[in-house]
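Comments concern the structure below.
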Ligand SMILES: Cc1cc2nc3c(=O)[nH]c(=O)nc-3n(C[C@H](O)[C@H](O)[C@H](O)COP(=O)(O)OP(=O)(O)OC[C@H]3O[C@@H](n4cnc5c(N)ncnc54)[C@H](O)[C@@H]3O)c2cc1C
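Numbering (my numbering), first residue to last: 112 to 503.
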C-alpha cells in the first residue's frame with residue numbers, strides 16, 4: 112500500500128479542489144427538510160453536469176470512469192470544503208453500485224441515469240420493527256401473481272422514503288426456505304396506492320426517516336435484482352457499499368470538527384487560561400486526533416483491498432465503528448468544554464438553529480446504530496476479518 116498520491120492523482124485533486132472552490136453553493140438552508148432536499152437536488156444536478164456524480168461508475172453508465180482513489184479524493188475534498196450532500200445520497204452510494212453489480216442490462220439502462228441526475232430519489236427498505244441487526248428474520252412478504260409480485264408488510268427507519276421514487280426492498284418470497292435463502296431483492300415503485308411513508312421525528316427535531324407500510328403493493332417481475340431467492344447476497348453488497356462509501360467523507364468531516372473543537376477550547380475561559388491550556392482537555396483532543404489518523408490509514412488499507420477485489424470487504428465495518436466512536440466522542444467533549452453554557456441551546460429546535468455542537472451531540476447518538484450497530488460491526492470484524500470462531 113502506497114499512501115502518496117501519484118502525479119496524475121495530484122492533478123485530479125487540484126482539479127477537484129478548484130472546481131469545488133468555484134461551485135460549492137455553501138451551507139444548506141436552515142428552514143425545513145423540504146427546502147434542504149430542493150437545495151441538495153440543485154447541487155446534484157450541477158455535480159452531474161460537471162461529471163462529478165458517479166465518479167467511479169463506468170462511463171457507459173454515465174459515470175466518470177475514474178478510479179476508486181479518485182472517487183475517495185473527490186469525497187474527501189468535498190467534505191473538507193463543507194460542500195452539501197447530493198439529494199440522492201442512497202441511490203449514488205448504494206442503489207447504483209448494486210444495479211451495476213447485480214442488475215440486468217435493462218435495469219442498468221432504466222435506473223442509472225436518473226440516479227445520477229437526482230431526478231429519482233432512492234431509499235433503502237431493509238429494517239423492520241422486529242428485524243434490524245438480524246435482518247434475515249424480516250417478515251415482509253412478496254407473493255407471485257402472474258407477472259407481478261404482491262407485497263405486504265412494514266419497514267421502519269427508512270431514510271428519505273418520503274421523497275423516494277424507488278425503494279431497495281428486501282422481502283420474503285419463500286417462507287419455507289432457511290431464513291437467508293427465502294429472500295428476494297426488489298426495486299419497488301414508492302409512488303403507488305399500496306405504499307405509504309410516514310415520517311418519524313428524531314431527537315434532533317428532524318423527520319429524516321420513516322415508517323413504510325405496504326398493503327398489496329405491486330412490483331413487476333422485471334424489478335427483481337439478482338434473481339429470486341438471492342436477496343441476501345444482494346443486500347450484503349448494498350451494506351458493504353454503504354459502509355465503504357462512508358470513510359473518506361467522514362474523515363474530512365472529522366478533521367473539520369477537530370479544528371472547530373480546538374477553536375472552541377481556545378475560546379472557553381477556564382481558571383486563569385483557556386480550556387486549551389488544560390492538560391485534561393489537551394489530552395482528550397490529542398486522543399481524538401490519533402483515532403482519526405488511525406481511521407484514515409485503515410480506510411486506505413480497505414480501499415486498496417477493494418481495488419484488488421472489486422467489491423468492498425468487511426474492513427468497511429471497522430471504519431464505520433471508528434467513525435461513530437470518534438463522532439460521538441468529539442461532540443461529547445465539545446459539550447463538556449462548553450460546560451455551563453452547553454445546556455443553553457439544547458432544545459431540539461434551537462439545536463438546529465443555533466448550537467452546532469448541541470445538534471451534533473444529538474445526531475451522533477444515531478451513528479452507532481445506523482448502517483449496522485457497533486456491536487454487530489464488532490461481530491463482523493471478529494469473524495470475517497480476524498477469523499475468530501463464530502458465536503452461533
Ligand atoms: C439515523 C438512522 C437511519 C437509518 N436508515 C435506515 C434506512 O434507510 N433503511 C433501513 O433499512 N434501515 C435504516 N436504519 C435502521 C438501522 O439499520 C437499524 O436501526 C440497525 O440495523 C439496528 O437494528 P434495530 O434498530 O432493529 O436494533 P436491534 O437489532 O433490535 O438491536 C438492539 C440492540 O441489541 C444489539 N444486538 C442485536 N443483535 C446483536 C448480536 N447478535 N450481538 C451483539 N449485540 C446485538 C444491538 O447492537 C443493539 O444495541 C436507520 C437507523 C438510524 C438510526
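Glycine included, C-beta positions come from ideal geometry on N, C-alpha and C.
Distance between residue j and residue i (C-alpha atoms, nearest Å)
i	j	result
residue 130	residue 167	18 Å
residue 430	residue 492	11 Å
residue 477	residue 271	16 Å
residue 202	residue 232	7 Å
residue 371	residue 379	12 Å
residue 418	residue 488	22 Å
residue 174	residue 276	21 Å
residue 336	residue 162	27 Å
residue 498	residue 490	10 Å
residue 408	residue 442	22 Å
residue 484	residue 390	33 Å
residue 198	residue 381	42 Å
residue 328	residue 124	46 Å
residue 185	residue 127	6 Å
residue 116	residue 308	45 Å
residue 349	residue 121	30 Å
residue 365	residue 353	18 Å
residue 459	residue 451	Residue placement at residue 459 is poorly supported in this model, since its pLDDT is 40, which falls under 50; the coordinates still yield a value, given next. Between residue 459 and residue 451, the C-alpha separation is close to 18 Å.
residue 176	residue 257	39 Å
residue 422	residue 222	21 Å
residue 395	residue 330	52 Å
residue 344	residue 259	22 Å
residue 427	residue 208	15 Å
residue 326	residue 273	17 Å
Simplified DSSP state of residue i, which is helix, strand or coil
i	result
residue 544	No answer is possible for residue 544: it lies beyond the span of the chain, which begins at 112 and ends at 503.
residue 385	strand
residue 474	helix
residue 145	helix
residue 468	helix
residue 119	helix
residue 301	coil
residue 194	coil
residue 276	coil
residue 161	coil
residue 459	Low confidence applies to residue 459: its pLDDT is 40, below 50, so where it sits in the model is not reliable, and the reading given next is rough at best. Helix at residue 459.
residue 175	coil
residue 242	strand
residue 270	strand
residue 407	helix
residue 495	helix
residue 412	helix
residue 370	helix
residue 501	coil
residue 291	coil
residue 114	coil
residue 454	helix
residue 182	helix
residue 352	helix
residue 516	Because the chain spans 112 through 503 in this model, residue 516 falls outside it and cannot be assessed.
residue 167	coil
Sheet register partners of residue i (DSSP bridge)
i	result
residue 330	260
residue 308	323
residue 265	324
residue 296	281, 336
residue 236	280
residue 254	261
residue 380	385
Residues of its chain near residue i, where Cβ-Cβ distance is below 8 Å and the 5 sequence neighbours each way are ignored
i	result
residue 583	Nothing in the structure corresponds to residue 583, since the chain is present only between 112 and 503.
residue 250	239, 241, 242, 264, 283
residue 486	244
Close Cβ partners of residue i (< 6 Å) along its chain, the five nearest in sequence each way excluded
i	result
residue 424	416
residue 318	310, 312
residue 280	236, 297, 299
residue 135	192, 194
residue 228	159
residue 438	475, 478
residue 494	501
residue 342	281, 294, 295, 296
Close beta carbons around residue i, own chain, < 7 Å, minus the five adjacent residues each side
i	result
residue 377	385, 387
residue 267	238, 239, 240, 322
residue 440	399
residue 151	195, 196, 197, 198
residue 406	362, 430, 433, 434, 437
residue 157	134
Neighbour flag for residue i against chain D, beta carbons, 8 Å
i	result
residue 348	Checking the listed chains, one finds no chain D in this structure; it contains a single protein chain.
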